[in-house]
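Participant: To convert, take the position in the sequence shown, counting from 1, and add 42; that gives the numbering used here. Built from N, CA and C at the ideal position, the CB exists for glycine as well. Just passing along the structure, written as structure tokens.
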Amino acid sequence: MDYSLPLTHKTIQGLYVITDPSCSTPETLISDVSLALEGGARIVQFRDKHSAYELQLSLAKQLKTLCENHQAWLIINDDIQLAKQSQAHGVHLGKNDEDMKTARDILGADAIIGVTCYNDLRRAQQMQNLGADYVAFGCFFPSLTKPNAPQAGIQTLIQAKKNLRIPIVAIGGINQINAKQLIDAGVDSLAVIQGVFGQADIKAAAHAISQQF
């Protein structure tokens, strides 16, 4: 993996960490993410649905600088306007978020736009056709963050790899023990929350997953 890729190149590969208020407080967020980046994270998704907008914007701007210092991407969860205001590298859209066209119109051609596709290959193909830069499938393993999330199967990843042109991300209960089977199935990136930020040594946990690619 080329860690020196310019930030104008939309490479989604390697460890993709997602922040969560249950793991990182606003006071520890920047230091926690810094440790994950030092451990090899290539993409950071800022996910905070509870803090005041001004705090979210301040944290997102700090994360943008931090990510660029590590040649990594900053993606904002769900919030297109926050992505625009913070000048993040992109946005991740879920099932009920604003549509692809709106995100592209607001954020521009260079923005990275990812979409959650659960276990639905047809949705992934539709999102690819609409201009998504990557798709995410999951949940693959039991997840503390989303315990009731629908389950996804390894076979979906295998079929997606055969049928899609854009990068494929797997999410849901991923840790250093179960990561390899998803990588072997062809995923480009693994999205991890508790498996990194819920661990006592964030940097070591990130390294243990990122070095498997």
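Quick check on the DSSP output: what are the complete alpha helix (DSSP H) runs of length 4 or more inside the region 186-225, in order along the chain?
Facilitator: Taking only runs of at least 4 residues, the alpha helix (DSSP H) segments lying wholly in the region 186-225 are 196-205.
Participant: Any idea what DSSP makes of Leu-172, helix, strand or coil?
Facilitator: Leu-172 falls in the coil class under three-state DSSP.
Participant: State the Cα-Cα distance for the pair Lys-245 and Ser-73, rounded to the nearest angstrom.
Facilitator: For Lys-245 and Ser-73, the distance between alpha carbons rounds to 11 Å.
Participant: Please confirm if Ile-251 has its CB atom under 8 Å from at least one CB of chain D.
Facilitator: Absent here is chain D; the protein component of the structure consists of one chain.
Participant: Given this structure, state the Cα-to-Cα distance separating Cys-65 from Leu-232, to the nearest angstrom.
Facilitator: Rounded to the nearest angstrom, the two C-alpha atoms are 18 Å apart.
Participant: Which residue wins for smallest C-alpha separation from Ile-60, given the options Ala-250, Gln-254 and Ala-212?
Facilitator: Residue Ala-212 is the option with its Cα nearest to Ile-60.
Participant: What does the alpha-carbon distance come out to for the pair Ser-128 and Lys-143?
Facilitator: Whole-angstrom Cα-Cα distance: 20 Å.
Participant: Within 8 Å, do at least three Cβ pairs link the region 163-174 to the region 198-206?
Facilitator: Short answer: they touch.
Participant: How long is the line joining the alpha carbons of Leu-135 and Ile-117, rounded to whole angstroms?
Facilitator: So the alpha carbons of these two residues sit roughly 10 Å apart.
Participant: Using three-state DSSP, classify Ile-244 as helix, strand or coil.
Facilitator: Helix, per DSSP.
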